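Novice: Following this message is one structure expressed as structure tokens.
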Amino acid sequence: MIGKGLPVHVAIIMDGNARWARAKGLCNSDGYKMGVEAAFSVVRASCNLGIPYLTLFLFSTENWSRNPNDVHLVFSIFESASVTALNELCDANIKVKVIGERTGLDQSARQVIKNLEAGTANNSGMHLCLAINYGGRSEIVSAASRMINDGLRAEEVNIEKFASYLYTGGIPDPDLIIRTAGEKRLSNFLLWQSSYSELYFCDTLWPDFAEKDLEMAIEAYQARCRKYGK
């Protein structure tokens, strides 16, 4: 069934890296590193399937409350992987956009993000959106604040205008949101954009999530009848 009725935009909450590591008696860093490998695999698979937009939830605004060593590990691995991945992203014609609050990130992370976006800016293939220091509520507050700062009058505000002020302005809402590792909640992810998204939850821990798991999620999506609230 893959190939007919593909979702235009797939978004993934990549959960279960630390649990995967603990289950195998490994360090959290091993789980995060394998999570990066799983992410690369899913990006490649999405490209091969012809999915136009893929969003990956890398780090939430709530994740700052984790052990500082784990936070440092996550960003260290992200920065290292991003440098390695840039050539492959360009070879695959993938365009990267990072969403989230950048002012909370250190200079090193901001520079890596800048390099990723600038280095892929002229690519015209799949759009890869990385959610880093992202929270759905803070995104909505930020959008409202920027509209006020721009002097918009109440009568000028509508759904389309508001959506254009979100981090994801210009990106279609996700058709399918996948969450791994058995949790069944959105955890402050794309709250506005997920209004009519189809949700798919699986027990697979993120480092074990492979192309076949992505295909299963898409096939489940294709089997559903979307009603958009009607």
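Residues in the sequence shown are numbered from -18 upward in steps of one, following the numbering used here. Glycine is no exception: its CB is placed at the ideal position from the N, C-alpha and C atoms. Only a predicted model underlies this, so the values are computations on that prediction, with no experimental measurement involved.
1. Using only the alpha-carbon positions, how far apart do L186 and G117 sit?
2. So the candidates are H(-10), D(-4), K(-15); which of them puts its Cα closest to the Cα of D221?
3. So, for S27: in the same chain, excluding its five sequence neighbours on each side, which residues have a beta-carbon less than 8 Å away from its beta-carbon?
4. DSSP has H53 in a bridge; who is on the other side?
5. Where do the N-terminal and C-terminal ends of the beta strand (DSSP E) with E179 fall, by residue?
6. In angstroms with no decimal places, state the Cα-to-Cα distance between C206 and Q174.
7. Which residue's Cα is closest to the Cα of V77: S63, K211, D87?
8. For E60, I'd like the list of residues in its chain whose CB is within less than 7 Å of its CB, leaving aside the five on either flank, ordered along the chain.
9. Using CA atoms only, rank isn't needed, just tell me which of C110, L167, F190, E98 is closest to I32.
10. Looking at C-alpha atoms only, which residue of L7, N9, S119 is the closest neighbour of F170?
11. Taking just the CA atoms, how far does I113 sit from E43?
12. Between I121 and L172, is the Cβ-Cβ spacing less than 9 Å?
13. Grab the span of the beta strand (DSSP E) containing K76 for me, first residue to last.
14. Can you check whether the CB of F190 is closer than 9 Å to the CB of E164?
15. May I ask you to report which of helix, strand or coil DSSP gives F21?
Specialist: The structure says:
1. 23 Å
2. Because the chain here runs from -18 to 211, residue 221 falls outside it and cannot be looked at.
3. V(-9), L35, M107, L195
4. DSSP lists no partner for H53.
5. 179 to 182
6. 19 Å
7. S63
8. S89, A90, V93
9. C110
10. S119
11. 11 Å
12. yes
13. 76 to 80
14. no
15. helix
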